[in-house]
Structure formats: C-alpha cells, structure tokens
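Just so you know, the protein sequences line up as chains G and C, in that order.
Sequential numbering from 1 applies to the first sequence in the UniProt record's numbering.
Sequential numbering from 1 applies to the second sequence in the UniProt record's numbering.
Note that beta-carbon positions come from the ideal geometry of N, C-alpha and C, so glycine has one too.
Everything on this sheet refers to the single structure shown next.
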Amino acid sequence: MSEFTLDPISQPPASFSPSNPRSKFTTTRLKKITQVGLKSIFSHGLRSLLTVLGIVIGVAAVIAMLAVSEGASFEAQKQFRDLGATNILLKSVKPVEVEESTNRGFGPPQAIVYGLTQADIATIRDTIPGISNVIASRIVKKNIWNLGISINTDVVGTAVDYPSSRNYNLRAGRFFSETELRDHANVVVLSDEVANLLFPIDNPIAKSIKIDSDYYNVVGIMEAEGFSNLGQNQAGSSNSAPSRVFIPFTASKSRFGETTTRQTAGGMESETVELHEAIIQVDNQETVIEVGEIIDQILQRRHKDVDYSIEVPLALLRQAEASALRDQIVAGAIAGISLLVGGIGIMNIMLASVTERTREIGIRRALGAKRKDIIAQFLIEAVILSGVGGLIGVVLGILIPFIISTFWGMTTIVTPIAPILAFSISAMIGVIFGIYPSMRAADMDPVEALRHE
Amino acid sequence: MTIIETNSDHGSTVKSRDIFAGELVASLQEIKKTYYMGALSVDVLHGITLDFYAGDYISIMGPSGCGKSTLMNILGCLDQPTQGKYFLGDEDTSKMEDDDLSAIRGARLGFIFQSYNLIQQLDVLENIEMPLFYQGYTEAESHEIAMGLAARVGLEDRIDHKPFELSGGQQQRVAIARALAVDPLIILADEPTGNLDSKSGAEILTLFDELHDQGKTLILVTHSDELAEHSKREIKLKDGRVESDERIHT
Chain G
1 MSEFTLDPIS QPPASFSPSN PRSKFTTTRL KKITQVGLKS IFSHGLRSLL
51 TVLGIVIGVA AVIAMLAVSE GASFEAQKQF RDLGATNILL KSVKPVEVEE
101 STNRGFGPPQ AIVYGLTQAD IATIRDTIPG ISNVIASRIV KKNIWNLGIS
151 INTDVVGTAV DYPSSRNYNL RAGRFFSETE LRDHANVVVL SDEVANLLFP
201 IDNPIAKSIK IDSDYYNVVG IMEAEGFSNL GQNQAGSSNS APSRVFIPFT
251 ASKSRFGETT TRQTAGGMES ETVELHEAII QVDNQETVIE VGEIIDQILQ
301 RRHKDVDYSI EVPLALLRQA EASALRDQIV AGAIAGISLL VGGIGIMNIM
351 LASVTERTRE IGIRRALGAK RKDIIAQFLI EAVILSGVGG LIGVVLGILI
401 PFIISTFWGM TTIVTPIAPI LAFSISAMIG VIFGIYPSMR AADMDPVEAL
451 RHE
Chain C
1 MTIIETNSDH GSTVKSRDIF AGELVASLQE IKKTYYMGAL SVDVLHGITL
51 DFYAGDYISI MGPSGCGKST LMNILGCLDQ PTQGKYFLGD EDTSKMEDDD
101 LSAIRGARLG FIFQSYNLIQ QLDVLENIEM PLFYQGYTEA ESHEIAMGLA
151 ARVGLEDRID HKPFELSGGQ QQRVAIARAL AVDPLIILAD EPTGNLDSKS
201 GAEILTLFDE LHDQGKTLIL VTHSDELAEH SKREIKLKDG RVESDERIHT
C-alpha cells in the first residue's frame with residue numbers, strides 16, 4: 001500500500017502518557033479551570049448569591065462581632081487603666097439600714113454618720129506594708145458661681161497627688177500645692193467641663209469663683225476626659241459627666257464641715273461623712289488584689305454597717321478581660337455555626353450542580369478528563385463560591401462596625417487578623433464541603449454520565 | 001499522521017513515528033462483555049474479534065440490542081471488556097486503570113455523538129479546545145489548532161457563539177472539529193446524523209467523506225443503511241456476534 005502524505009489538517013502529535021509533562025497540573029490549567037468555574041457560577045448569578053449567603057453572613061458576623069467586642073474591651077481596659085492599675089479605690093456608701101432608721105419617729109433630723117474615716121485610713125496605712133500613698137478626698141455637692149453663671153457640681157477636697165494618681169492631667173495652670181493644702185488656701189482647679197460652662201469666653205486662670213460665700217482663686221484647669229470617670233462621683237451624685245472642681249482637702253474641711261444637709265422628699269436630711277473617697281496606691285502591681293482583700297478585712301472589723309465600697313481596678317480589669325474572652329468565644333461559636341450552615345449550603349448546591357451537569361461530566365471524561373481533573377473543576381468551583389462569599393462577608397464585616405461606630409458612637413476595632421482569619425476559614429469551608437460533591441462527580445461512570453438526559 | 005509511542009519500561013522515553021495507511025490501529029481480540037444486574041447476568045458480546053486499519057472508513061450496523069453501543073463504548077475506552085484484549089495503537093487497554101483510560105481517550109480517540117454533546121456554557125472555540133486542554137496544550141497552541149479546525153468545518157465566523165445559538169448541523173460540525181482536535185487515531189461516530197434533517201445530515205456525511213479522503217480512520221455506528229453506504233467496510237452485528245464483515249467499496 002502506498003504511504004500517506006501528511007494530510008492537510010494534521011495536528012501536532014497528541015500524547016497521553018501519564019508521565020508526559022504536558023498532562024501535569026500547571027498554572028495555565030488552573031487558570032482555565034478557574035475561568036470555567038467562574039463562568040458556571042456567574043451563569044447562575046442569583047442561585048450562586050443565595051448559596052453563598054450563609055458564608056457571607058458567617059464571615060461578616062465574625063468580623064463585626066469581634067470588632068464590637070474588641071472595641072468594648074478596649075474601652076473597658078482604658079477606663080480601668082485610667083483608674084490606675086496599682087490603685088485601690090475606697091468610697092463611702094450610705095448604708096441601707098441607717099437610711100431606714102432615720103425614717104422612724106419625728107423630731108429634728110439627726111445627722112447620719114457613716115463612711116470612711118481618717119482613722120480607717122491611718123490604720124490601713126500603718127498596718128499594710130507596700131502602700132505608697134493614700135489620697136483621701138471629700139466630695140460635696142455645691143453651687144459654684146462666676147458672676148451670674150452658676151452650676152451645681154461636685155467640689156472635691158483632695159490632696160496634691162490626686163491628678164497623678166489617676167493619670168489625670170492639667171490642661172492649663174497648675175494643681176494646688178502642698179503649701180496651699182497646709183494653709184487651707186482658697187484655690188480651685190476646674191474640670192474642663194466646668195471651666196467651659198463658667199467661663200464661656202475668657203480664660204478662667206487667675207479669676208475667682210464663688211462657692212457658698214467664699215471666693216476661690218482658679219489656678220488650673222484639668223484636661224478633658226472621655227467618659228472614663230468610673231466611680232469618681234460621690235456624695236449622692238449620679239451624673240456621669242466629669243463636672244467637678246478640686247480644692248485643697250483642708251479647705252473643704254474647714255469651709256464646709258463634715259456634716260451636709262440637703263432637702264429631700266421627706267424633709268431635711270443630714271449626713272456626716274469624714275471622707276468620701278480614698279485612693280490607696282500600692283507600690284507593686286502584683287500585690288494590689290491581695291492588699292485589696294486585706295483592706296476589706298480591716299474595714300469589715302472597723303465598721304458595723306457596710307458603709308463603704310472597695311474597688312480594685314486591676315481586679316475589674318481582669319474580669320473585663322475574662323468577659324471579653326467569653327464574648328469572643330460566643331461570637332466565635334455563632335460565627336462557626338453560620339459558617340457551618342453556609343458550608344452545608346455550598347455542599348447542597350454543589351451536589352445539585354453535579355447532578356445537573358452529569359452530561360457535561362460525561363463529555364469531559366470522554367474527551368480525556370481524568371478523575372482528578374473533574375475533582376479539581378468542582379472543588380475550585382466550590383472554593384470560588386465560598387471565596388466570593390467570604391470576600392463579600394469581609395467587606396460587610398468591615399462596613400458594619402464602621403456603621404456602628406458612626407451612628408451609635410460605639411468604639412469598634414477591626415483587627416487585621418479577623419478578616420484574614422474569616423476569609424481563610426471561608427475558603428477552607430469551600431474545600432471541605434466541596435470534596436464530597438467533587439468526588440461524586442469524579443466517580444460517575446462515563447458511559448452512564450453520557451447517557452444522562 | 002504520527003503516533004507517539006511510549007516505552008512503558010522507562011516511562012519517560014517518548015518516540016514518535018508515522019502511521020502508514022493500512023497499518024493496524026486497533027485490534028479487538030475475543031472481546032466478551034457481561035453485565036451483572038444483581039444475581040442476573042446478561043452476556044452482551046460473545047467474543048468479538050476485529051482488526052481496524054489506518055485510513056479505513058468502517059460502519060458498524062445492527063438492530064438495537066445487538067451490542068452495538070457496548071462495542072462502541074469498548075472501542076471508545078469508556079468501558080472495559082469482561083474478557084478479551086483490546087489494542088489501541090500499540091497499547092493493550094483491557095487492563096488499564098481509569099486514569100490511563102482517560103489519557104488514551106483524550107489522546108487517541110475522537111468522539112462524535114448523536115446529540116452533539118457540546119458544553120452549553122462554552123462557545124464554539126472553547127468546545128473545540130477542550131480535548132486539547134486535557135492534553136496540556138498551551139493556550140496559544142490550542143487556540144491556533146481550534147481556529148484552524150473551526151475554519152475547516154466552515155464555522156470560522158461563529159467561534160464565539162454558544163451551542164444553543166447554532167443549528168443542529170452546525171453543532172455537529174463543532175463536534176467534528178472537537179473530535180479532530182488531538183488528531184486521533186480513530187474517530188468514533190455514534191449515529192452522527194440521527195438528530196439532523198436530511199440536508200444537514202448530507203453535509204455531515206460529505207465532511208466524513210472528506211476526512212476519509214484525507215486518511216482519517218473513521219468508525220461509524222449506525223442502524224441506517226444510507227449512512228453505511230458511505231463507508232468502505234461494513235460490519236454487521238447480531239446478538240453480540242459479528243454476523244458479516246465485508247468491504248463494500250473498493
């Protein structure tokens with residue numbers, strides 16, 4: 001027989017050996033499979049979108065919840081840090097029993113005596129080692145005047161160390177000095193808010209304000225604080241705005257005395273409180289919590305009623321940290337569940353897609369696709385689905401905290417790890433929940449698949 | 001037309017040689033196929049021995065249930081015989097693993113189906129490129145080959161059309177171009193005109209005649225005498241056996 005000449009439509013030689021480098025998995029191949037996957041996903045736009053909704057919600061929820069809890073814990077930690085990690089706060093609290101006893105009978109009101117005393121502080125200072133400083137304060141509610149303007153505010157009689165003990169700094173001027181404290185001097189330091197209210201136009205420094213009938217010389221203005229004045233108001237005040245003025249402790253004691261009387265619904269009510277608040281500074285952060293417990297024991301022995309409260313910011317900080325962790329675990333669990341549901345959604349749709357595309361699988365197998373080619377195709381499709389869902393979720397997850405911050409003024413912090421983590425998990429879900437449908441696709445008998453209607 | 005020969009002892013040695021007209025390209029030796037359905041077993045093929053030579057144009061005929069489709073599936077390496085040997089080129093396919101079967105299908109065979117079996121999401125060019133993709137051709141190579149073949153079947157101006165935008169005859173021409181993409185040893189056509197009107201069917205048959213003239217090896221599975229008329233060798237199956245095997249045109 002005669003030899004054929006190379007025919008006009010002859011192609012480069014085809015090869016099929018498994019060891020042929022051409023049939024190896026290359027990036028070109030991956031690119032092509034990805035293109036095909038994208039095509040098939042976008043040809044079912046709405047279905048794909050609904051499929052990935054679970055992943056979108058899961059990822060967005062993880063990021064948003066972490067951002068909110070991170071923000072809250074940051075806020076809480078900042079507050080406690082402002083109170084000082086080495087501080088213990090003692091406060092006088094009107095005991096419940098005493099309150100009841102005054103309502104009995106008639107006659108002139110008797111002053112209720114309660115709260116911390118100088119003797120308490122002395123005992124604490126003398127018996128517990130490691131206490132570096134005690135700043136005792138008296139807080140009295142007064143009307144203060146600058147010419148015609150008056151506001152009702154807490155007048156805090158305190159020591160010179162007060163600002164440094166709470167990381168609370170001056171905006172202008174100075175705090176009162178040791179000498180002024182010793183001399184019962186009529187000097188006052190205004191909080192930022194009070195300064196703005198009483199002196200809307202001029203500089204308050206070196207001006208005078210009037211409290212009761214005495215004039216006080218303004219020597220300084222404190223910086224503005226956030227709302228981190230946890231536990232700083234006393235004397236029946238419930239307002240949370242940092243509206244306070246500071247005068248020397250000695251001045252407070254000699255000008256206002258220890259008994260205050262105010263009008264209440266039931267008549268006049270007098271109370272005698274020696275100290276409203278004391279900040280006990282411990283020189284070692286390690287022992288703060290322990291010292292706090294000892295102080296509590298001492299005070300329990302010295303006080304018949306529970307007319308004081310004790311607050312250890314460090315202990316509160318630890319609690320806040322623990323609760324932040326708890327929040328994160330809860331957030332993680334919710335997110336985990338929605339991601340699981342999302343993954344099941346993807347598996348469901350992939351299984352449907354495999355059945356729907358049985359014919360295509362048969363064609364591809366007939367045209368030389370190996371099992372692993374089919375697995376790769378469907379797996380990549382699942383990963384694209386979950387990846388796209390993850391991306392949308394990341395965008396939403398960053399947007400939601402932003403909206404919360406903007407409209408509710410809540411602090412939210414999106415740490416970079418959260419979107420990365422959430423996105424990786426979503427991609428992983430694509431792999432995990434894509435495996436089974438892909439295997440189903442690959443295990444189809446080519447003959448049966450081709451016959452499929 | 002060339003063939004690449006792989007040396008199975010040192011998997012990496014790849015030789016290629018020319019295929020000559022009349023050379024043996026496929027050989028069925030005592031092929032038996034039994035289907036098991038639970039306890040029931042059905043013998044479909046009872047020992048078929050056939051040799052196919054390069055450049056031949058063969059039709060396999062027979063009534064339904066004669067084992068045509070089963071034989072077609074075995075020839076197409078889509079199914080394995082229960083007994084017997086099937087050599088495609090120099091390879092014994094009867095003991096091959098799934099991956100090797102896929103590879104040999106992709107490299108050595110071209111399929112043309114009754115219902116065209118194009119992938120609906122892909123356009124004409126992408127459909128033609130598909131077998132090349134699984135053979136690992138680069139994008140540039142497959143593009144060039146597919147463009148050439150699209151022109152060869154007269155669809156060069158339809159390359160970006162989706163299958164549903166084409167007529168049946170055009171779809172079948174895309175399928176033929178796809179079957180030619182890897183320059184296979186054998187082109188297997190299963191009732192290629194079954195879904196077509198007579199005019200389109202005639203066009204397809206003309207295309208087959210041209211392919212035959214160019215030296216392609218064609219195996220046509222059909223129950224239509226009209227189609228079989230075009231072939232050079234007519235094999236008739238009956239009850240899983242070769243009833244007749246004759247050369248009808250010389």
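Original post:
Name the chain G residues whose beta carbon is nearer than 7 Å to that of residue 30 (chain C)?
Top reply: The contacting residues do not exist; residue 30 (chain C) stays about 21 Å from chain G at best.
Original post:
When burial is assigned at 16 or more other CB atoms within 10 Å of the CB, is residue 120 (chain G) buried or exposed?
Top reply: buried
Subject >> Residue from C:187, C:186, C:54, C:120 whose Cα sits closest to the Cα of residue 166 (chain C) >> reply: C:120
Original post:
So with Cβ pairs under 7 Å, would you call residue 127 (chain C) a contact of chain A?
Top reply: Absent from the structure is chain A; the protein chains it does hold are G and C.
Subject >> Secondary structure of residue 72 (chain C), DSSP reduced to three states >> reply: helix
Original post:
In angstroms, rounded to a whole number, what distance separates the CA positions of residue 197 (chain C) and residue 115 (chain C)?
Top reply: 13 Å
**OP:** Could you tell me which chain C residues have their CB closer than 7 Å to the CB of residue 360 (chain G), listed as they occur along the chain?
**Re:** 119
**OP:** Please name the residues in the region 361 to 376 of chain G whose beta-carbon is closer than 9 Å to at least one beta-carbon of chain C, in chain order.
**Re:** 362, 363, 364, 365, 366, 367, 368, 369, 370, 371, 372, 373
**OP:** Could you confirm whether any beta carbon from chain C is found closer than 7 Å to the beta carbon of residue 446 (chain G)?
**Re:** yes
**OP:** Taking a Cβ distance cut-off of 7 Å, strictly less, list which residues of the region 92 to 113 of chain C are near chain G, in chain order.
**Re:** 98, 99, 100, 102, 103, 104, 105, 106, 107, 108, 111
Original post:
Is residue 185 (chain C) closer than 7 Å to residue 89 (chain C) when the C-beta atoms are compared?
Top reply: yes
Original post:
Shorter than 7 Å from the beta carbon of residue 338 (chain G) to some beta carbon of chain C?
Top reply: no
Subject >> Proximity to residue 432 (chain G) [Cα-Cα], best of G:346, G:411, G:390 >> reply: G:346
**OP:** With a 10 Å radius around its C-beta and 16 neighbouring C-beta atoms as the bar for buried, classify residue 297 (chain G) as buried or exposed.
**Re:** exposed
**OP:** Drop a sphere of 10 angstroms on the beta-carbon of residue 172 (chain C), count the other beta-carbons inside from all chains shown, and report buried for 16 or more, exposed for fewer.
**Re:** buried
Original post:
Out of curiosity, what's the CA-to-CA distance linking residue 42 (chain C) and residue 60 (chain C)?
Top reply: 21 Å
Original post:
Can you give the Cα-Cα distance for residue 177 (chain C) and residue 149 (chain C), rounded to whole angstroms?
Top reply: 5 Å
Original post:
If you run the structure through DSSP and keep just helix, strand and coil, what is residue 235 (chain C)?
Top reply: strand
Subject >> Under 8 Å from the C-beta of residue 81 (chain C): neighbouring residues of chain G >> reply: Ordered by position in chain G, no residue passes the 8 Å Cβ test against residue 81 (chain C), which lies about 13 Å from the chain.
Original post:
Which bits of chain G does residue 78 (chain C) rub up against, with CB to CB less than 7 Å?
Top reply: 366, 446, 447
Original post:
Under the three-state reduction of DSSP, which class applies to residue 245 (chain G): helix, strand or coil?
Top reply: strand
**OP:** Establish whether the CB of residue 43 (chain G) and some CB of chain C are separated by less than 7 Å.
**Re:** yes
**OP:** In angstroms with no decimal places, state the Cα-to-Cα distance between residue 124 (chain G) and residue 148 (chain G).
**Re:** 44 Å
Original post:
Listed from N- to C-terminal order along the chain, which residues in the region 131 to 143 of chain C have their beta-carbon within a distance smaller than 9 Å of any beta-carbon of chain G?
Top reply: 131, 132, 133, 134, 135, 136, 137, 138, 139, 141
Original post:
Within 7 Å (strictly less), CB to CB, does residue 195 (chain C) reach chain G?
Top reply: no
Subject >> N- and C-terminal bounds of the beta strand (DSSP E) containing residue 120 (chain C) >> reply: Premise fails: residue 120 (chain C) is in no beta strand (DSSP E) and is neither H nor E.
Subject >> Distance, residue 285 (chain G) Cα to residue 122 (chain G) Cα >> reply: 22 Å
Subject >> Cα-Cα separation, residue 177 (chain G) to residue 160 (chain G) >> reply: 6 Å
Original post:
Between the beta-carbon of residue 71 (chain G) and the beta-carbon of residue 412 (chain G), is there less than 7 Å?
Top reply: yes
Subject >> residue 161 (chain G), DSSP secondary structure in three states >> reply: coil
Original post:
Helix, strand or coil: which one does DSSP assign to residue 354 (chain G)?
Top reply: helix
Original post:
So, helix, strand or coil for residue 171 (chain G), using DSSP?
Top reply: strand
Subject >> Assumed close pair residue 338 (chain G), residue 33 (chain G) - CB separation to whole angstroms, cut-off 8 Å >> reply: Actually they do not touch by this definition, with Cβ atoms about 29 Å apart.
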